[in-house]
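Chemist: First the structure, which I've put down as structure tokens, then a few questions once you've had a look.
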Amino acid sequence: MIKTSELDPNFKYEIANEPGGENIKRCFNCTGCTVGCPVTDIDKGYNPRKIIRKALLGMRNEVLTDDSLWLCASCYLCYERCPQDVKITEVMGAIRAIAQREAKAGKIKLNNPKQLFDNLFIDSVKKNGKWYEAGVSGMFMLRTKGIGGVIGYAPMGMELFKKGKLSILPHRIKGKDQIKRIFEEVEK
Amino acid sequence: MKLAYYPGCTLHGTAREYDASTKAVSKAAGIELTEIEDWNCCGALEAIFDKELSMGLSARNNMLAQKTGLDLVVPCSICSHNLSRADKAMKTDEAFRAKIEKALGESYNGVKIKHLLDVMVNDVGTEALAKKFVKPLKGIKAVPYYGCLLVRPSEVSRFDNPENPTSLDNLIKATGAECLPFTQKTKCCGGNLLMSKQDYAFILTKKLFDEAKTAGANCIVVACPMCHMLLDGQQSMVEKAHNTVIGLPILYFTQLIGLAMGLSEKELELDKNMVSPKTLIESIGKQEEKKIETKIETKIENKAEPKAEEEVAE
Numbered sequence: 001m002i003k004t005s006e007l008d009p010n011f012k013y014e015i016a017n018e019p020g021g022e023n024i025k026r027c028f029n030c031t032g033c034t035v036g037c038p039v040t041d042i043d044k045g046y047n048p049r050k051i052i053r054k055a056l057l058g059m060r061n062e063v064l065t066d067d068s069l070w071l072c073a074s075c076y077l078c079y080e081r082c083p084q085d086v087k088i089t090e091v092m093g094a095i096r097a098i099a100q101r102e103a104k105a106g107k108i109k110l111n112n113p114k115q116l117f118d119n120l121f122i123d124s125v126k127k128n129g130k131w132y133e134a135g136v137s138g139m140f141m142l143r144t145k146g147i148g149g150v151i152g153y154a155p156m157g158m159e160l161f162k163k164g165k166l167s168i169l170p171h172r173i174k175g176k177d178q179i180k181r182i183f184e185e186v187e188k
Numbered sequence: 001m002k003l004a005y006y007p008g009c010t011l012h013g014t015a016r017e018y019d020a021s022t023k024a025v026s027k028a029a030g031i032e033l034t035e036i037e038d039w040n041c042c043g044a045l046e047a048i049f050d051k052e053l054s055m056g057l058s059a060r061n062n063m064l065a066q067k068t069g070l071d072l073v074v075p076c077s078i079c080s081h082n083l084s085r086a087d088k089a090m091k092t093d094e095a096f097r098a099k100i101e102k103a104l105g106e107s108y109n110g111v112k113i114k115h116l117l118d119v120m121v122n123d124v125g126t127e128a129l130a131k132k133f134v135k136p137l138k139g140i141k142a143v144p145y146y147g148c149l150l151v152r153p154s155e156v157s158r159f160d161n162p163e164n165p166t167s168l169d170n171l172i173k174a175t176g177a178e179c180l181p182f183t184q185k186t187k188c189c190g191g192n193l194l195m196s197k198q199d200y201a202f203i204l205t206k207k208l209f210d211e212a213k214t215a216g217a218n219c220i221v222v223a224c225p226m227c228h229m230l231l232d233g234q235q236s237m238v239e240k241a242h243n244t245v246i247g248l249p250i251l252y253f254t255q256l257i258g259l260a261m262g263l264s265e266k267e268l269e270l271d272k273n274m275v276s277p278k279t280l281i282e283s284i285g286k287q288e289e290k291k292i293e294t295k296i297e298t299k300i301e302n303k304a305e306p307k308a309e310e311e312v313a314e
């Protein structure tokens, strides 16, 4: 049951104001995004059309806390096929950005490990200019699966190391100041 | 042909064989690559949903490429998408351009960014490449796997059909290998689900393996390090999760054409793939010999059969 009194009519504008979310209001609910979606194919509970519809109706809290927000595989099939050029993959990104901010402010709780991985990854790029695979993967394993997870990953890590595919230390670029300024500008 | 080269993080790590084979094949094809100096991460799939950050990080690389005065070639489909998307935004979105030019202290005029497959099939040309193929890859039965970002969205990647691309198919055929029909060619490998829901990622990857095997393939050819990471790097994990044996070598298209060019396995770093392509490579050109052997064996078996029946009758 949808209670109209609990809807947030401004939510669609909030999304449209995020980079990538601009075209959300163009959606006319044709389901083209969902019929071809590879994730819907294996989980009928994942329904991009529903996420967009709920967002347009203003079901803010329900959309932001829905775990399925983190199941978009960014394969861009819906983006390619959408007759209204909603740019659904990027709309998902816009909604994720709002969810991340709300979570950082302590207003909602996000349970999907993907946002932790993305944050660790982005932090390592902010610091080094390149992503630090061994550090990010190790920290992610430790925080999601504990020391057992790190040990479990060790054989794969060793194999990669032996093939010269994994570096123990991070690679740092010279232009780190430019990276820092890019972060400052886009976070404004 | 001279091109600026952006390898991206994976080609200096888990996809080092793609970097090595890209360099080897480019050299053989007459392309001089100049790696852009002090490049940074494009934000990969981890920032792809954070559009401005992804484009900002990518724009710095485009700015560096601009200094070389050359077109830029990118072997990774994700990097290629991110850099192209940033280039487009820098040309059309004034507010974004102002932010990035301020952060970098330089102005941007635009760079032509191309995926390596696009350069090989369109700029060098499949026919011109075929003239350099000295070793027919008879016995290789490949399915071409394009994945997502190589051909989608067509708004950013325009070099092939987004629903039914054929450039990689044609390149495989030109090597003398067999290219089998593959309806999964542009389906998702599940790469970006690896951290959010690993079991879903592996279901998607398994689908690719299943169809490749049904088609009769003895390898999958890819043009993206993320696809390769799932299909090759995670293949043993998929086998474990689905309690099955896959054992399918996954070749970068550069490794495949490198073999046809007669380049050594060492140059193409074929020993760095997680699923060893050793048996596959040894089988090249041996298919006909095998056929003859099988015929002889069948004849012997046929002769032996009646005798066995007689024994039973006795």
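Read top to bottom, the protein sequences are chains A and B.
Residue 132 in the working numbering is what sits at position 132 of the first sequence, and the numbering runs on without skipping anything.
Residue 265 in the working numbering is what sits at position 265 of the second sequence, and the numbering runs on without skipping anything.
Using N, Cα and C, we set each Cβ at its ideal position, and we do this for glycine too.
Of all the CB atoms in chain B, is at least one closer than 8 Å to the CB of Lys44 of chain A?
Modeler: The sequence position of residue 44 of chain A within the first sequence is 44, counting from 1. It does not; no Cβ of chain B falls within 8 Å.
Chemist: Pull up the CB-CB distance for Leu57 of chain B and Ala65 of chain B, whole angstroms please, since I reckon it's below 8 Å.
Modeler: The sequence position of residue 57 of chain B within the second sequence is 57, counting from 1. The sequence position of residue 65 of chain B within the second sequence is 65, counting from 1. Not confirmed; about 14 Å, so no contact.
Chemist: Strictly by DSSP, which residues pair up with Thr34 of chain B?
Modeler: Here residue 34 of chain B corresponds to residue number 34 of the second sequence, with the count starting at 1. Paired residues: B:Ala4.
Chemist: Per DSSP, what kind of secondary structure is Ile250 of chain B in: helix, strand or coil?
Modeler: Taking the second sequence and counting its residues from 1, the one referred to as residue 250 of chain B is at position 250. Ile250 of chain B falls in the strand class under three-state DSSP.
Chemist: At a Cβ threshold of 8 Å, is Tyr79 of chain A touching chain B?
Modeler: Start at 1 with the first residue of the first sequence, and residue 79 of chain A comes out as number 79. Yes, because at least one Cβ of chain B sits closer than 8 Å to the Cβ of Tyr79 of chain A.
Chemist: In the DSSP assignment, the beta strand (DSSP E) including His228 of chain B goes from what residue to what residue?
Modeler: As a first step, residue 228 of chain B must be located in the second sequence, where it is residue number 228. Per DSSP, His228 of chain B belongs to no beta strand (DSSP E); it is in the alpha helix (DSSP H), Pro225 to His228.
Chemist: Whose C-alpha, out of A:Ile24, A:Asp41, A:Trp70 and A:Gly36, is nearest the C-alpha of Glu46 of chain B?
Modeler: Here residue 46 of chain B refers to the residue found at position 46 when the second sequence is read from its first residue. Of A:Ile24, A:Asp41, A:Trp70 and A:Gly36, the residue nearest in Cα terms is A:Trp70.
Chemist: Taking 8 Å as the cut-off, decide whether the C-beta atoms of Asp87 of chain B and Val111 of chain B are in contact.
Modeler: Numbered from its first residue, the second sequence carries residue 87 of chain B at position 87. Numbered from its first residue, the second sequence carries residue 111 of chain B at position 111. Their beta carbons are under 8 Å apart, which means Asp87 of chain B touches Val111 of chain B by this criterion.
Chemist: Apply the 10 Å Cβ neighbour rule to Val92 of chain A and answer buried if 16 or more other Cβ atoms are within range, or exposed otherwise.
Modeler: For the purposes of this step, residue 92 of chain A is taken as the residue at position 92 of the first sequence. The amino acid occupying residue 92 of chain A in the given sequence is Met; Val does not appear at that position. It counts as buried.
Chemist: Using a beta-carbon distance below 8 Å, is Lys187 of chain B in contact with chain A?
Modeler: The count along the second sequence starts at 1 and reaches residue 187 of chain B at position 187. It does; some Cβ of chain A falls within 8 Å.
Chemist: Along the region 46-59 of chain B, what residues have a CB closer than 7 Å to any CB found in chain A?
Modeler: For the region 46-59 of chain B, which is checked against every Cβ of chain A, the residues closer than 7 Å are Glu46, Ala47, Ile48, Phe49, Asp50, Lys51, Glu52, Leu53, Gly56 and Leu57.
Chemist: Residues of the region 56-83 of chain B in Cβ contact with chain A at a cutoff of 7 Å, in chain order, please.
Modeler: Cβ contacts with chain A come from Gly56, Leu57 and Arg60.
Chemist: Helix, strand or coil: how does DSSP classify Val136 of chain A here?
Modeler: Translated into the one-based positions of the first sequence, residue 136 of chain A becomes position 136. It is helical.
Chemist: What number of angstroms, rounded off, separates the C-alpha of Cys42 of chain B from the C-alpha of Ser80 of chain B?
Modeler: Within the second sequence, residue 42 of chain B is the residue found at index 42, counting from 1. Within the second sequence, residue 80 of chain B is the residue found at index 80, counting from 1. Going from the Cα of Cys42 of chain B to the Cα of Ser80 of chain B covers about 9 Å.
Chemist: I'd like to know whether the C-beta atoms of Leu208 of chain B and Lys187 of chain B end up nearer to each other than 8 Å.
Modeler: Counting from one through the second sequence, the residue named residue 208 of chain B turns up at place 208. Counting from one through the second sequence, the residue named residue 187 of chain B turns up at place 187. Cβ distance < 8 Å, so Leu208 of chain B and Lys187 of chain B count as in contact.
Chemist: Could you have a look at Ile98 of chain A and say whether DSSP puts it in helix, strand or coil?
Modeler: On the first sequence, position 98 is the one that residue 98 of chain A refers to. In the structure shown, Ile98 of chain A sits in a helix (DSSP, three-state: H, G or I).
Chemist: Residues in the region 84-98 of chain A with C-beta within 7 Å of chain B's C-beta atoms, listed in sequence order?
Modeler: Cβ contacts with chain B come from Glu90, Met92, Gly93, Arg96 and Ala97.
Chemist: Taking Thr166 of chain B and Leu137 of chain B to be in contact with their CB atoms under 8 Å, please state how far apart those CB atoms are, rounded to whole angstroms.
Modeler: For the purposes of this step, residue 166 of chain B is taken as the residue at position 166 of the second sequence. For the purposes of this step, residue 137 of chain B is taken as the residue at position 137 of the second sequence. Wrong, their Cβ atoms sit about 18 Å apart, outside the cutoff.
Chemist: Are Ala4 of chain B and Leu70 of chain B close, meaning C-beta to C-beta below 8 Å?
Modeler: Position 4 of the second sequence, counted from the first residue, corresponds to residue 4 of chain B. Position 70 of the second sequence, counted from the first residue, corresponds to residue 70 of chain B. Closer than 8 Å, so yes.
Chemist: Report buried or exposed for Pro249 of chain B, applying the criterion of at least 16 other Cβ atoms within 10 angstroms of its Cβ.
Modeler: As a position in the second sequence, residue 249 of chain B is number 249, starting the count at 1. Pro249 of chain B comes out buried.
Chemist: Hey, Val63 of chain A and Ile95 of chain A: beta-carbon distance below 8 Å or not?
Modeler: If you number the first sequence from 1, residue 63 of chain A lands on position 63. If you number the first sequence from 1, residue 95 of chain A lands on position 95. Taking 8 Å as the Cβ cut-off, Val63 of chain A and Ile95 of chain A qualify as a contacting pair.
Chemist: Between the region 125-148 of chain B and chain A, which residues of the former have CB atoms less than 7 Å from a CB of the latter, in chain order?
Modeler: Correct list: Cys148.
Chemist: Run through chain A and tell me which residues come within less than 7 Å of Pro162 of chain B, C-beta to C-beta.
Modeler: Walking along the second sequence from the start, residue 162 of chain B turns up at place 162. Neighbours of Pro162 of chain B on chain A, chain order: Glu80.
Chemist: So what's Cys41 of chain B in DSSP terms, helix, strand or just coil?
Modeler: As a position in the second sequence, residue 41 of chain B is number 41, starting the count at 1. Here Cys41 of chain B sits in coil by DSSP.
Chemist: Closer than 8 Å, CB to CB, is Cys224 of chain B near chain A or not?
Modeler: Here residue 224 of chain B corresponds to residue number 224 of the second sequence, with the count starting at 1. It does not: the Cβ of Cys224 of chain B has no partner Cβ on chain A nearer than 8 Å.
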